[in-house]
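**Q** There's a structure below that I have some questions on.
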Amino acid sequence: MLASTLDTTVTCAIMVTAYAGIAIFADIFLFLVKVTYFIVEGTFRIFFPVEEKSVAGEIVLITGAGHGIGRELALQYASLGAKIVCWDLNEKSNNETAEEIKRANVASAVYTYKCDVTNREEVFRVSENVRKEVGDVTILVNNAGIMPCRTLLDHTPEEIRKIFDVNVIAHFWTLQAFLPSMIEKNHGHVVALSSMAGISGLPNLVPYCGSKFAVRGLMEATALELRDLMATKEMNIKFTCVFPYMVDTGLCKKPKVRFPSIMSLLPPKVAATEIVRAQRRNIPEASIPGIFFHVNNVARNFPTKVGLLLRDFLDSGVEAD
Ligand SMILES: NC(=O)c1ccc[n+]([C@@H]2O[C@H](COP(=O)([O-])OP(=O)(O)OC[C@H]3O[C@@H](n4cnc5c(N)ncnc54)[C@H](O)[C@@H]3O)[C@@H](O)[C@H]2O)c1
Ligand SMILES: *[C@@H]1O[C@H](CO)[C@@H](O)[C@H](O)[C@H]1NC(C)=O
92 MLASTLDTTV
102 TCAIMVTAYA
112 GIAIFADIFL
122 FLVKVTYFIV
132 EGTFRIFFPV
142 EEKSVAGEIV
152 LITGAGHGIG
162 RELALQYASL
172 GAKIVCWDLN
182 EKSNNETAEE
192 IKRANVASAV
202 YTYKCDVTNR
212 EEVFRVSENV
222 RKEVGDVTIL
232 VNNAGIMPCR
242 TLLDHTPEEI
252 RKIFDVNVIA
262 HFWTLQAFLP
272 SMIEKNHGHV
282 VALSSMAGIS
292 GLPNLVPYCG
302 SKFAVRGLME
312 ATALELRDLM
322 ATKEMNIKFT
332 CVFPYMVDTG
342 LCKKPKVRFP
352 SIMSLLPPKV
362 AATEIVRAQR
372 RNIPEASIPG
382 IFFHVNNVAR
392 NFPTKVGLLL
402 RDFLDSGVEA
412 D
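Numbers in the working numbering are just positions in the sequence shown, counted from 1, shifted up by 91.
As structure tokens, this is what we get:
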């Protein structure tokens, strides 16, 4: 009697183990099938990219819209029929962006707000005004940024904190202000301006590089966190982090370029067009030009000395202000 019970128990245990084994094999098999599918799909998408989604009627908020890339983004989103909300510290230049949009005679509405994005209370107060006067922001573009260039030992503590406040900490405040309504509707897009200096460290830009590397981390983590939060639904809040090479906005005061014919500063218009394209294609990470991201990914697999050799050969960066 006892023996037969024992037998049954042993048989059961074997079956459970066998079943678990088969389940793992099935899991691994499915995993490999999906990996293959995604590789084929990814390769296909290099040649036939997904269609750019419409942004007509979306409410696009751009921080630092008064100058440079931010202003160009405002103009281009306006020409695509989005409602534009311009935020900047500088009221005058922010107004000029709005004037330029109105002069371009596009049908879309434009609103301007003075806001210092490093001030959490101000971000929340102004975002409440935006909600009342314009509506829920559906595309948030964290663009405002500063870039003082000097050696680390020449940076003052105030300047180092300021760089992080504008380039990184401000993203947390705007995300906390605008994500709730996106989550509620499961609709939205967050775009963040990192930089090639957020992929590859550069002399005279130690705090700036630190801040731009941080932007990449916070964007990836937020996207994954929301994906978990939305586990039951198809996640429809997208994240796009862009890494532009030097852009001709005046932000880079003393650029250094060895091969101007292939690596000259990008016109702000071109940078903005690429950013809008990446956003409309739901691309999570894109360098501008696109190839730089891949060059970096490949180079990082080689011995460190090869990376340094490539750096010295290209000899591109910024001098101290
Ligand atoms: N220009 C480049 O070479 C380059 C390259 C890669 C990435 N980027 C990034 O792109 C973004 C835009 O750069 P840009 O060259 O257009 O700069 P820009 O200096 O031309 O414009 C930045 C705008 O942000 C505003 N701003 C600054 N601090 C602010 C604050 N605390 N609150 C609100 N607004 C504030 C400024 O008033 C200005 O209008 C930045 O994040 C920058 O780091 C620039
Ligand atoms: C900017 O525009 C707003 C609203 O049109 C106006 O109240 C403000 O005085 C303007 N500011 C500057 C500095 O031009």
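Where is the CB? At the ideal position from N, CA and C, for every residue including glycine.
Ignoring anything shorter than 4 residues, give me the alpha helix (DSSP H) runs that lie fully in the stretch 121-209, in order along the chain.
**A** 159-170 and 182-194
**Q** Would you report the Cα separation of Val-306 and Ala-283, rounded to the nearest angstrom?
**A** Your numbering for residue 306 matches position 215 in the sequence shown. Your numbering for residue 283 matches position 192 in the sequence shown. Rounded to the nearest angstrom, the two C-alpha atoms are 7 Å apart.
**Q** Hey, Lys-344 and Asp-412 are a contact pair by Cβ (cut 8 Å); roughly how many whole angstroms apart?
**A** Position 253 of the sequence shown, counted from the first residue, corresponds to residue 344. Position 321 of the sequence shown, counted from the first residue, corresponds to residue 412. With 8 Å as the limit, Lys-344 and Asp-412 qualify as a contact, their Cβ atoms being about 5 Å apart.
**Q** Thinking just about the alpha-carbon of each residue, which of Ser-355, Met-326 and Ile-366 is nearest to the one in Cys-332?
**A** On the sequence shown, residue 332 is found 241 positions in, with the first residue counted as 1. Among Ser-355, Met-326 and Ile-366, the Cα nearest to that of Cys-332 belongs to Ile-366.
**Q** Using the rule of at least 16 other Cβ atoms within 10 Å of the residue's Cβ for burial, across every protein chain shown, is Ser-218 buried or exposed?
**A** Here residue 218 refers to the residue found at position 127 of the sequence shown. Burial call: buried.
**Q** If the criterion is Cβ atoms closer than 8 Å, does the pair Ile-328 and Leu-317 meet it?
**A** Here residue 328 refers to the residue found at position 237 when the sequence shown is read from its first residue. Here residue 317 refers to the residue found at position 226 when the sequence shown is read from its first residue. A contact, by the Cβ cut-off of 8 Å.
**Q** Please state the DSSP three-state secondary structure of Leu-284.
**A** The count along the sequence shown starts at 1 and reaches residue 284 at position 193. Looking at Leu-284 - three-state DSSP - the assignment turns out to be strand.
**Q** Three-state secondary structure (DSSP) at Pro-346?
**A** Within the sequence shown, numbered from 1, the residue matching residue 346 stands at position 255. Pro-346: strand per DSSP, three-state reduction.
**Q** Measuring from the CB of Glu-149, is there a heavy atom of ligand 2 at a distance below 7 Å?
**A** Along the sequence shown, one-based indexing puts residue 149 at 58. False, no ligand heavy atom lies under 7 Å from that Cβ.
**Q** Let me check you understand the geometry: is the CB of Glu-182 closer than 7 Å to at least one non-hydrogen atom of ligand 2?
**A** Translated into the one-based positions of the sequence shown, residue 182 becomes position 91. For ligand 2, at least one heavy atom lies less than 7 Å from the Cβ of Glu-182.
**Q** Does the beta-carbon of Thr-188, which I'm using as the reference point, lie nearer than 7 Å to any heavy atom of ligand 2?
**A** Taking the sequence shown and counting its residues from 1, one reaches residue 188 at position 97. The answer is no for Thr-188.
**Q** Looking at Ala-173: is its Cβ nearer than 8 Å to the Cβ of Glu-190?
**A** In the sequence shown, counting from the first residue as 1, residue 173 sits at position 82. In the sequence shown, counting from the first residue as 1, residue 190 sits at position 99. Not a contact, by the Cβ cut-off of 8 Å.
**Q** For Thr-188, which of Val-386, Ile-160 and Asn-210 has the nearest alpha-carbon?
**A** For the purposes of this step, residue 188 is identified with residue 97 of the sequence shown, where counting begins at 1. Measuring from the Cα of Thr-188, the nearest candidate turns out to be Ile-160.
**Q** Measuring CA to CA, which of Thr-108, Thr-99 and Tyr-202 is closest to Thr-154?
**A** Residue 154 sits at position 63 when you count from the first residue of the sequence shown. Cα-wise, what sits closest to Thr-154 is Tyr-202.
**Q** Provide the residue span of the beta strand (DSSP E) that contains Lys-324, from first to last.
**A** For the purposes of this step, residue 324 is taken as the residue at position 233 of the sequence shown. Careful: Lys-324 lies outside any beta strand (DSSP E) and carries neither H nor E.
**Q** Is Ala-261 helix, strand or coil when you go by DSSP?
**A** Residue mapping note: residue 261 aligns to position 170 of the sequence shown, counting from 1. Helix.
**Q** Rounded to the nearest angstrom, what separates Ser-352 and Lys-144 at their Cα positions?
**A** Along the sequence shown, one-based indexing puts residue 352 at 261. Along the sequence shown, one-based indexing puts residue 144 at 53. Distance between the alpha carbons of Ser-352 and Lys-144 is about 33 Å.
**Q** Among Ile-175, Ile-254 and Ala-169, which one has its Cα closest to the Cα of Asn-196?
**A** Locating residue 196 in the sequence shown gives position 105, where the first residue counts as 1. Of the candidates Ile-175, Ile-254 and Ala-169, the one whose C-alpha sits nearest the C-alpha of Asn-196 is Ala-169.
**Q** How is Gly-226 classed by DSSP in three states: helix, strand or coil?
**A** The sequence position of residue 226 within the sequence shown is 135, counting from 1. Note: Gly-226 maps to coil in three-state DSSP.
**Q** Compare the C-alpha of Leu-171 against each of Phe-404, Val-397, Val-409 and Arg-371 and name the closest.
**A** Counting from 1 along the sequence shown, the entry for residue 171 is found at position 80. Selected option, being the one with the closest Cα: Arg-371.
**Q** Do you know whose CA, among Phe-122, Ala-147, His-385 and Ala-117, lies nearest Ser-291's CA?
**A** Within the sequence shown, the letter at position 200 stands for residue 291. The shortest Cα separation from Ser-291 among Phe-122, Ala-147, His-385 and Ala-117 belongs to His-385.
**Q** For Asn-233, which of helix, strand or coil comes out of DSSP?
**A** Sequence index remark: in the sequence shown, residue 233 carries index 142 (1-based). If DSSP states are grouped into helix, strand and coil, Asn-233 belongs with the strands.
**Q** For my contact list, Leu-164 and Val-228 are in at a C-beta cut-off of 8 Å; report their separation, rounded to the angstrom.
**A** Residue numbering aside, residue 164 sits at position 73 when the sequence shown is read from its first letter. Residue numbering aside, residue 228 sits at position 137 when the sequence shown is read from its first letter. With 8 Å as the limit, Leu-164 and Val-228 do not qualify as a contact, their Cβ atoms being about 14 Å apart.
**Q** Does ligand 1 have even one heavy atom less than 7 Å from the beta-carbon of Thr-79?
**A** The chain is shown only over 92 to 412; residue 79 falls outside these bounds and no answer can be derived.
**Q** Drop a sphere of 10 angstroms on the beta-carbon of Gly-279, count the other beta-carbons inside from all chains shown, and report buried for 16 or more, exposed for fewer.
**A** Residue 279 sits at position 188 when you count from the first residue of the sequence shown. Flag for Gly-279 reads buried.
**Q** When the Cα atoms are used, what is the spatial distance from Asp-207 to Ile-119?
**A** Translated into positions along the sequence shown, residue 207 becomes position 116. Translated into positions along the sequence shown, residue 119 becomes position 28. Looking at the two C-alpha atoms, the distance is approximately 50 Å.
**Q** How about the stretch 298-312 and the stretch 234-254: do they share at least three Cβ pairs that are nearer than 8 Å?
**A** yes
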